[in-house]
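Everything on this sheet refers to the single structure shown next.
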Amino acid sequence: MTQIIDGKAISAQIKEELKEKVAGWKEQGVEITLAVIQVGEDPASSVYVRNKKNACAYIGIRSLAYELPEATTEEELISLIGELNGREDVNGILVQLPLPEHIGEEKVLNAIAPEKDVDGFHPQNVGALCIGKPGFVSCTPAGIIQLLKRSGIEIAGKECVVVGRSNIVGKPMALLLLRENGTVTVAHSKTADLKAVTGRADILIVAVGKPRMITAEYVKEGAVVIDVGIHRNEQNKLCGDVDYESVAEKCSAITPVPGGVGPMTIAMLMNNCVESAAMRQM
Ligand code: GUN
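Add 708 to the 1-based position in the sequence shown for our numbering, that's all there is to it.
Right, here's the structure in full:
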């Protein structure tokens, strides 16, 4: 029987644990605050931002919402970040991506104080992950590690293949699997024989951004398959980067879309907010 990895249930479990922790902090007079900044009105971003605010409310984290107009300048945004960096009562700062074209993403992300960078995008946090030092880790790959661990899937010694090399998912994913003692390969759009590479994987993480690209032919019998993609198919139904029906028959465990990786990202963001407050107390 193929194990269906239930991201909704695991994320709910993590959120319950965090809720208890936050209540404990509150009893000691510590309040956790996340500042969420959105520039413009990209509809998908608005949904993500709303979900983040709702998760904060559920767990007991105060959220400060900054909904800035599309015409906001880079200087204005960086000045707001500077102000939030200096505020004692703000633990975490999140700038929702994508930003409008006239604003330099790298410059903005670099302006966030690393100790408040709950997205884990600042070069200092990325570097810390690379050399195995403490720091914030990008939420989606951190969530995938939790999915694997909480589903009883061993990483150490396994052949792990990550398809996709983005800064937000693929690269930090590879580093995290390495930290867990996996043997890691990163494949991408220029990989010569992708099927041969993915076919070696005991644990296959797919973040290619192409609907149902990974069919059963790409997957070894008994592999664990994690699908990071989310798309709408011809019938307007959600689907992932993995062709779920054919792959589920061949693998030993798989994440569905929706209800797999998706719910974990916010749970790990909440975890990073709680950690940012814990670090402050140390
Ligand atoms: N846009 C899409 N995913 C993310 C994310 O994880 N963090 C931020 N800040 N923006 C995003």
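Heads up, the beta-carbon is just placed ideally off N, CA and C, and yes, glycines get one too. Since we're looking at a predicted model, the values are computed, not measured.
Residue i beta carbon near ligand 1 (any heavy atom closer than 7 Å)
i           : result
residue 803 : yes
residue 847 : yes
residue 934 : no
residue 827 : yes
residue 963 : no
residue 906 : no
residue 893 : no
residue 756 : yes
residue 973 : yes
residue 789 : no
residue 811 : no
Inter-residue CB distance, residue i and residue j (contact presumed, cutoff 8 Å)
i           : j           : result
residue 767 : residue 726 : 5 Å
residue 759 : residue 974 : 6 Å
residue 769 : residue 740 : 5 Å
residue 906 : residue 915 : That belief does not hold up - the Cβ atoms of residue 906 and residue 915 are roughly 12 Å apart, past 8 Å.
residue 852 : residue 972 : 7 Å
residue 954 : residue 924 : 4 Å
residue 785 : residue 811 : 6 Å
Distance between residue j and residue i (C-alpha atoms, nearest Å)
i            : j           : result
residue 909  : residue 956 : 15 Å
residue 927  : residue 934 : 11 Å
residue 847  : residue 877 : 9 Å
residue 783  : residue 976 : 30 Å
residue 715  : residue 959 : 17 Å
residue 719  : residue 854 : 9 Å
residue 817  : residue 903 : 36 Å
residue 729  : residue 942 : 43 Å
residue 793  : residue 893 : 37 Å
residue 922  : residue 912 : 10 Å
residue 1026 : residue 825 : Because residue 1026 is not part of the residues shown, which for the chain are 709 to 990, the question remains open.
residue 1049 : residue 737 : There is simply no residue 1049 to check, as the chain begins at 709 and stops at 990 in what is shown.
Residues that residue i bridges to, as DSSP identifies them
i           : result
residue 867 : 891
residue 771 : 742
Residue-level contact to chain D via CB, residue i, 8 Å cutoff
i           : result
residue 881 : The structure shown contains no chain D, having only a single protein chain.
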